[in-house]
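Report on the structure given below.
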Amino acid sequence: MLDSTRSDRLPAAPGVGYKPQHFDALIRAPEHRDGPGPVRWLEIHAENYMGDGGRPLAQLRHLAERYAISVHGVGLSIGGEGPLDADHLARLKSLVGWLNPASFSEHLAWSTHDSHFLNDLLPLPYTKATLSRVCAHIDQLQDAIGRKMLLENPSSYLAFAESDWSEPDFLAEVSRRTGCGLLLDVNNVFVSATNLEFSPTGYIDAFALDKVGEIHLGGHDEDEDDHGAPLLIDSHGGEVVDPVWSLLDYTLGKSGPKPILIEWDTDVPDWPVLLNEAVRADWALSKLAPTAVMA
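Shown next as structure tokens:
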């Protein structure tokens with residue numbers, strides 16, 4: 484049976500994407516669940532922990548005694564045309580079963596075709612057929628792991644002419660039909676808004692913020708398209724830029740406090756650099772009115 488309460492256990496505080504080179508710093512840090520310090524929770528990528536043992540799982544078990552854990556999937560291909568991979572789903576169920584994380588999330592994207600895995604998260608047209616397929620896959624996933632998942636908005640570099648839903652409306656309808664929550668990646672909103680020339684604040688205004696269980700922040704790369712227009716690439720390889728921090732402030736002003744994750748997956752920095760990003764996220768939360776923090 485689906486347990487719809489488990490995704491609500493992340494604290495409305497900063498978390499960071501866990502990297503093994505930061506293990507010692509995290510273990511030496513003060514207890515954060517009820518004490519001082521900005522980093523209160525960690526995110527792991529599910530596919531890195533689906534094995535049968537070894538040092539990574541031993542370290543994860545140790546960290547889970549001190550920090551709330553969010554599991555983020557990157558390989559299930561929720562939006563793919565084919566069925567969900569049964570072996571992948573079984574290994575994910577096993578991981579979620581023993582770890583009992585505070586949250587599980589996946590992307591609104593596809594990354595498989597037939598038996599081939601594509602090393603990217605590719606966008607979808609927002610049509611009735613896509614909606615039915617995504618909802619069926621989410622129902623299957625939630626039934627398998629016995630808990631509510633969060634679905635993340637993608638970063639986009641093109642728009643599909645056949646789409647008959649806006650992205651916020653599509654995500655809201657998926658949530659309504661399946662009972663899943665949403666993961667709002669604010670950097671993805673900024674990247675997509677720049678690339679597709681729409682208002683990022685307008686996107687936030689249209690988003691189902693009451694369904695959001697996590698907010699993500701990360702860095703991006705700047706480039707140009709063939710016509711010289713700005714092209715942003717979601718890379719998770721640098722500091723969060725000031726316009727994204729401003730968009731976070733706007734979002735929190737409408738949503739109230741939420742768990743905020745700092746993602747940094749490539750060119751991973753030393754711990755003090757990542758910690759500084761978490762401190763800045765903590766500052767964003769601290770600026771909320773006391774009534775919002777208590778909500």
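Here the sequence shown stands for residues 484 to 778, numbered as in the working numbering. Cβ atoms here follow ideal geometry from the backbone N, Cα and C, with glycine treated the same way. Remember, predicted model here, so these are calculated numbers, not experimental data.
With 16 other CB atoms within 10 Å as the buried threshold, where does residue i fall?
| i | result |
| --- | --- |
| Gln-504 | exposed |
| Ser-682 | exposed |
| Asn-636 | buried |
| Ala-592 | buried |
| Val-756 | exposed |
| Gly-685 | exposed |
| Glu-548 | exposed |
| Glu-680 | exposed |
| Phe-643 | exposed |
| Ser-675 | buried |
| Ser-490 | Residue confidence for Ser-490 is low, a pLDDT of 38 falling below 50, so the modelled location carries little weight; the figure read from the coordinates is stated next. Counting Cβ neighbours within 10 Å, Ser-490 comes out buried, since at least 16 surround it. |
| Asp-486 | Because the pLDDT of Asp-486 is 42, which lies under 50, any placement of that residue in the model is unreliable, and the number read from its coordinates should be weighed accordingly. By the 10 Å Cβ count, Asp-486 comes out exposed. |
| Pro-521 | buried |
| Arg-538 | exposed |
| Trp-581 | exposed |
| Asp-688 | exposed |
Assuming residue i contacts residue j (C-beta within less than 8 Å), just tell me the rounded distance between them.
| i | j | result |
| --- | --- | --- |
| Phe-506 | Gln-542 | 5 Å |
| Asn-678 | His-699 | So it is not a contact: roughly 18 Å between Cβ atoms. |
| Ala-691 | Leu-731 | At roughly 17 Å, the Cβ-Cβ gap does not stay under 8 Å, so Ala-691 and Leu-731 are not in contact. |
| Asn-527 | Lys-576 | As written in the sequence, residue 527 is Ile, which differs from the Asn given in the question. At roughly 16 Å, the Cβ-Cβ gap does not stay under 8 Å, so Ile-527 and Lys-576 are not in contact. |
| Ser-658 | Lys-694 | 5 Å |
| Gly-696 | Leu-744 | In fact, because the Cβ distance is near 11 Å, the residues do not count as touching under 8 Å. |
So, for residue i: in the same chain, excluding its five sequence neighbours on each side, which residues have a beta-carbon less than 6 Å away from its beta-carbon?
| i | result |
| --- | --- |
| Leu-607 | Gly-562, Thr-613 |
| Ser-646 | Pro-608, Tyr-609 |
| Ile-621 | Thr-661, Cys-663 |
| Asp-765 | Pro-497, Pro-521 |
Return the chain-ordered list of same chain residues with a C-beta closer than 8 Å to the C-beta of residue i, the five sequence neighbours on each side being excluded.
| i | result |
| --- | --- |
| Leu-525 | Gly-498, Val-499, Gly-500, Tyr-501, Leu-509, Leu-546, Tyr-550, Ala-551, Ile-552, Ser-553 |
To which residues does DSSP link residue i through a beta bridge?
| i | result |
| --- | --- |
| Val-554 | Ile-527, Phe-587 |
| Leu-666 | Glu-635, Glu-697 |
| Pro-867 | This structure leaves residue 867 out entirely; the chain is present only between 484 and 778. |
Residues in its own chain within less than 7 Å of residue i by CB, not counting five upstream and five downstream?
| i | result |
| --- | --- |
| Ser-718 | Gly-702, His-703, Asp-704, Thr-749 |
| Asp-517 | Confidence is the limiting factor: at Asp-517 the pLDDT is only 47, short of 50, which leaves the residue's position unreliable and the question unanswerable from this model. |
Three CB pairs or more closer than 8 Å across the stretch 719 to 732 and the stretch 522 to 536: Flag = no, the stretch 719 to 732 and the stretch 522 to 536 do not touch.
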